[in-house]
Structure formats: C-alpha cells, structure tokens
Ligand code: 2BA
C-alpha cells in the first residue's frame, strides 16, 4: 500500500465509477461531501493502492467522470440604491479533482 488517491467527483458519476473501480479490483470508500463554492453535494472517494497501480486507477477515473456546466446564482451585484441582486453565472465543474498522497502505514485488523 503506497498511495492514497482521494477523488472528488460529481454525484451523477459516483455510482458507475465505484462499480468500475471495484470491478478492477481496487478497494474504495465513498464519503458524502459538499463543495465549498457551489455548496451542493458531491462525492469523495478514498482509494488505497500500490504506487504502480495509480496510473490504471486514474484512467478509470478519467473515463467515468464528465465535466459539466452548472448554473449558479451565487454572485451578487450591487444595484443602484445599494440593493443586491443575484447574478447568474455558469461554472464548469470538473470531472474529478484528485489528490494523491503518500501512505505511511496501512493496517487492517
Ligand atoms: P465546489 O467548491 O462546489 O466548486 C465547484 C466548481 O466551482 C469548481 O469545479 C470550479 O469550477 C468552481 N469554483 C470553485 N471555487 C471557485 C472560486 N473560488 N472562484 C471561481 N470558481 C470556483 P472544480 O474545480 O472541478 O471542483 C469541484 C469540487 O472539487 C469543488 O466543489 C470542491 O468540492 C472540490 N475541490 C476542487 N478543488 C479543490 C481543492 N483545491 N481543495 C479541496 N477541494 C477541492
């Protein structure tokens, strides 16, 4: 066990990704998470793998996670008279945001 791959993905892609990752004999833990910017739900996957398996895992993640445009009205603009109005913006939410960390120890009791 060499690396911990943390992948933040969209909820819509999570099920199929978990299926494919499991089919390829990787172990995975699913966490329900929320993005700080959109404040909506996403999925965080924890996957402990050998260093030489990281490339194969990344290929599966890339193949199964789609980039999507999401409309949000988070931003506000100041209107005359100092009132605020929601300002719609489109953001491109990534297929996946991936962190790869070194694992110090891996213990299963
Ligand atoms: P959210 O924070 O909800 O961000 C959703 C999308 O909004 C982002 O997509 C990005 O396109 C945009 N966005 C985020 N912060 C922004 C900002 N300060 N200004 C303008 N646009 C902004 P992704 O970059 O693909 O990120 C998708 C999700 O992955 C994020 O959801 C967050 O949960 C996570 N994430 C991304 N980068 C991260 C990082 N460096 N650390 C921790 N989590 C991260």
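In the UniProt record's numbering, the protein residues as written are 1 to 109.
From the three backbone atoms N, C-alpha and C, an ideal C-beta is built for every residue, glycine too.
beta-carbon residue i near the ligand MN non-hydrogen atom, thresh 7 Å
| i | result |
| --- | --- |
| residue 41 | Here the bound small molecules are the ligand 2BA; the ligand MN is not part of this structure. |
Cβ-heavy atom distance, residue i to the ligand 2BA, below 7 Å
| i | result |
| --- | --- |
| residue 111 | Residue 111 lies beyond the stretch modelled for the chain, which goes from 1 to 109, so this question has no answer here. |
| residue 38 | yes |
| residue 91 | yes |
| residue 61 | no |
| residue 8 | yes |
For residue j and residue i, the rounded distance between their alpha carbons
| i | j | result |
| --- | --- | --- |
| residue 67 | residue 46 | 20 Å |
| residue 5 | residue 99 | 6 Å |
| residue 3 | residue 108 | 15 Å |
Classification of residue i by the beta-carbon crowding that lies within 10 angstroms, buried from 16 upward
| i | result |
| --- | --- |
| residue 96 | buried |
| residue 16 | exposed |
| residue 24 | exposed |
| residue 49 | buried |
DSSP beta-bridge partners of residue i
| i | result |
| --- | --- |
| residue 33 | 42 |
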